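Worksheet: one structure, shown below.
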Amino acid sequence: MQQIVKRAKIIGTGSYVPDTIYTNEYLESFLDTNADWIFNTLGIKERRIADKDEATSDLAWKAGERAIDDAGLTKDDIDLIIVATATPDRLAPSTACIVQDKLKAYNAVAFDIAAVCSGFLFAMSIATQYIGSGIYQNVLVIGADTFSKIIDWKRRDAVFFGDGAGAAVVSHANVNEGFLAYRLYSDGRGKNNFTIPAGGSEMPCSLETLNNRLHYFQMNGREVFKTGIHVLPKAINRVLSDTGLKVNEIDFMVPHQPSIGILKKTAEIIGLPFERVMTNMDRFANTSGGTIPILLDELKKSKRLKKDDIILFAAVGSGWTYGAAIIKWV
Ligand SMILES: CC(C)(COP(=O)(O)OP(=O)(O)OC[C@H]1O[C@@H](n2cnc3c(N)ncnc32)[C@H](O)[C@@H]1OP(=O)(O)O)[C@@H](O)C(=O)NCCC(=O)NCCS
553 MQQIVKRAKI IGTGSYVPDT IYTNEYLESF LDTNADWIFN TLGIKERRIA DKDEATSDLA
613 WKAGERAIDD AGLTKDDIDL IIVATATPDR LAPSTACIVQ DKLKAYNAVA FDIAAVCSGF
673 LFAMSIATQY IGSGIYQNVL VIGADTFSKI IDWKRRDAVF FGDGAGAAVV SHANVNEGFL
733 AYRLYSDGRG KNNFTIPAGG SEMPCSLETL NNRLHYFQMN GREVFKTGIH VLPKAINRVL
793 SDTGLKVNEI DFMVPHQPSI GILKKTAEII GLPFERVMTN MDRFANTSGG TIPILLDELK
853 KSKRLKKDDI ILFAAVGSGW TYGAAIIKWV
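Quick note on numbering: the sequence shown equals residues 553 to 882 in my numbering.
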């Protein structure tokens, strides 16, 4: 089904990353890995790591507050807060409720969504539906993750991730500006390729799961790579055909940041010059739900964005979940 969305645009962005930096060289000092390999293969030099007492909501509310300021609004103007995260503060309540309390944005409804690395894109699509239907005026969408808390620091998968949060305020737009198209997909057959086996209702935490380190995140890197380079071009080509835009009309691609290899291969398959693909994985690694909004905030603050620029979002994540969206910047 074609998913053309009208009358929603981003009016403010914000981001927040913790101060502590773990370089590749530092990881090399205690993990079976190699600093040059990480940079050459994944495009990562360093990542930010949350403090012991810093939860996902702490990153999220700071990014959210900056986005509200950037939009020229106050916390009381926010009708809905959606937090996309795979590393919630607690299983209950939602991180969005904790963020609402930290922001003191008590006029807002608040809930989380779970689509891991595609989370921000999925949350954005929900925001645009509420705006398009006229139910809410201003929606704060936050992508925030602290993978450092669920990484097994004894496995070399740890090198991929960093902590960070990004946010956007979505509001009304005229027809033919803002969000032009979405395509979202899920495929639960991929559920074991990027997962945290224990700690939920399927395998509650026990001494045995702790001893077997099953409460930590695990990834099948080869499957992620194979899937990523297949599904990202598929989703992107669908939103291009939905909008009638050609790939050379894309001014900026603002993608999730899995690895430089996946992004280069995707750009090559769709025929987009890599200079138009935005990356910040060198400084922040993969911040999961945070990647796209942090990158968008950096792009906006860099003053490179002009009215009517066409931006392509694309993401792939655990589930599998994946998708793409196109916006005309206003
Ligand atoms: C991780 C990845 C590079 C591994 O490559 P692969 O060919 O599938 O798997 P292999 O295990 O055979 O590894 C290839 C080489 O990389 C090395 N390697 C893999 N992971 C490594 C790590 N973390 N640190 C250092 N070296 C590593 C292996 O030792 C091997 O070296 P060799 O050729 O000298 O034996 C690749 O699968 C990938 O990029 N996956 C995408 C993962 C991703 O994007 N995750 C983000 C989730 S959204």
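Even glycine gets a Cβ: it sits at the ideal position worked out from N, Cα and C.
Because the structure is a prediction, the values reported are computed rather than measured.
Limits of the unbroken beta strand (DSSP E) element including residue i
i	result
M676	Segment G671 to G684 is the alpha helix (DSSP H) holding M676; no beta strand (DSSP E) there.
T608	That residue, T608, is in no beta strand (DSSP E); its alpha helix (DSSP H) goes T608 to D622.
L824	Where L824 is concerned, there is no enclosing beta strand (DSSP E), given that its DSSP letter is neither H nor E.
D697	V691 to T698
K880	T873 to K880
I844	Looking at the DSSP string, I844 is not in any beta strand (DSSP E); the run it does join, the alpha helix (DSSP H), is T843 to K853.
G718	D715 to H724
I687	Looking at the DSSP string, I687 is not in any beta strand (DSSP E), and its letter there is neither H nor E.
K561	A560 to Y568
P807	F804 to P807
Residue j beta carbon less than 7 Å from that of residue i
i	j	result
L632	V691	yes
F663	A648	yes
T818	P785	yes
G780	P756	no
A750	A615	no
T839	A667	no
A638	D697	yes
S677	L736	yes
G813	S670	no
V829	L815	yes
S723	I573	no
G695	D622	no
I665	A675	yes
8 Å contact criterion, which residue i and residue j should meet: CB distance rounded
i	j	result
Y734	A877	5 Å
D739	G871	7 Å
V882	G730	6 Å
D803	D861	4 Å
Y768	D715	Going by Cβ atoms, the distance from Y768 to D715 rounds to 15 Å, so no, they are not a contact pair.
R599	A787	Actually they do not touch by this definition, with Cβ atoms about 26 Å apart.
A679	K561	Wrong, their Cβ atoms sit about 11 Å apart, outside the cutoff.
I596	D794	Rounded, the Cβ-Cβ distance is 33 Å, inconsistent with contact.
A660	I683	Wrong, their Cβ atoms sit about 14 Å apart, outside the cutoff.
In DSSP terms, what residue i is bridged to
i	result
E598	T575
D664	V635
M755	None, per the DSSP bridge assignment.
S738	T873
A733	I878
F746	M771
Unbroken alpha helix (DSSP H) run spanning residue i, endpoints
i	result
Y791	Here the sequence assigns Val to residue 791, which means Tyr is not the residue at that position. G773 to T795 is the span of the alpha helix (DSSP H), which, as asked, contains V791.
L864	Note, L864: premise wrong, no alpha helix (DSSP H); beta strand (DSSP E) at I862 to G869.
M833	M833 to F836
L643	Looking at the DSSP string, L643 is not in any alpha helix (DSSP H), and its letter there is neither H nor E.
L762	L759 to N763
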